[in-house]
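Residue numbers (full-length UniProt numbering): 1 to 245. Using N, Cα and C, we set each Cβ at its ideal position, and we do this for glycine too. So the structure is just underneath, and the comments pick up after that.
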């Protein structure tokens, strides 16, 4: 088996934030596999085959990549942000675990990227300056009751939080419930920021208190960051002090 697979993060949207390591893998690839809008970010060229596919077929996508690499192809599986954060790296290893044993000898590389939470935090200032956690608010792969439990426990522990996939057309009411839980646990004065299309031309940043926040402020293109009890504004920035007592 002379092929290889790189699972690569394309960053939050701005091409300037694609790492040189990821770009080098794309330059060497014979095949690029991924969700339609992510593959669309890859420039076509001679000798490169693009394999766009729809959402929610991650395991099929990963299995396809492994099969191509076993045939000697140089395959890049693309994700937005970082491939290890709610993205394709875990799906690839799921497919590897379920596949034939000879796939275990494949050359597999996970190439990090700038995930949306970190890109949004940088635009806002430093809201993740102390301990923080990331929670995916989609219940496609886990029950909503578990999400509620994690929200409460993270709030009680005093973490700042980054929320991925806060609100979609198929589940428009769950983010409203998440805000209710956060207000119950944190009160209404906590700062919460909404970063939509971060690093893209239509980027919008907005910071309000939890009391002012509404579900309509977020959609699937929005990264939401909740500060901890010490998070504050300084000018146009939001930051969390490095120390806690």
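Anticipated Cβ contact below 8 angstroms, residue i with residue j, distance rounded
i, j, result
"residue 73", "residue 3", "5 angstroms"
"residue 194", "residue 183", "Actually they do not touch by this definition, with Cβ atoms about 16 angstroms apart."
"residue 77", "residue 34", "6 angstroms"
"residue 198", "residue 123", "6 angstroms"
"residue 163", "residue 224", "4 angstroms"
Per-residue burial, residue i [other beta carbons within 10 Å of its own, 16 or more giving buried]
i, result
"residue 95", "buried"
"residue 13", "buried"
"residue 233", "exposed"
"residue 87", "buried"
"residue 237", "exposed"
"residue 97", "exposed"
"residue 7", "buried"
"residue 240", "buried"
"residue 20", "exposed"
"residue 71", "exposed"
"residue 235", "exposed"
"residue 222", "buried"
"residue 65", "buried"
"residue 140", "exposed"
"residue 190", "buried"
"residue 55", "exposed"
"residue 27", "exposed"
"residue 107", "exposed"
"residue 81", "buried"
Contact set for residue i: own chain, Cβ-Cβ below 7 angstroms, skip 5 residues either direction
i, result
"residue 18", "10, 11"
"residue 133", "154, 159, 161"
Cutoff 6 angstroms; reference residue i; Cβ partners in own chain excluding five residues on either side
i, result
"residue 37", "none"
"residue 90", "none"
"residue 68", "31, 75"
"residue 138", "165"
Cβ shell of residue i (< 8 angstroms), same chain only, five flanking positions each side left out
i, result
"residue 186", "155, 210, 226, 229"
"residue 49", "30, 31, 32"
For the region 22-48, which segments carrying the beta strand (DSSP E) assignment without a break, of at least 3 residues, lie completely within its bounds, in sequence order? 31-35
Would the region 146-154 and the region 112-128 be scored as touching if the rule is three or more Cβ pairs under 8 angstroms? no
Are the region 173-183 and the region 214-221 in contact at 8 angstroms, needing three or more beta carbon pairs? Yes: at least three Cβ pairs fall under 8 angstroms.
Evaluate the contact criterion for the region 220-230 versus the region 38-49: three or more CB pairs, one atom per stretch, below 8 angstroms. no
Evaluate contact between the region 113-124 and the region 96-104, counting only Cβ atoms and requiring at least three cross-stretch pairs below 8 angstroms. no
Along the chain, which unbroken stretches of the beta strand (DSSP E) at least 3 residues long are found entirely within the region 92-160? 107-111, 132-136
Beta strand (DSSP E) runs wholly inside the region 163-198, at least 3 long, in chain order: 191-196
Inside the region 41-91 only - beta strand (DSSP E) runs reaching at least 3 residues: 49-53, 74-79
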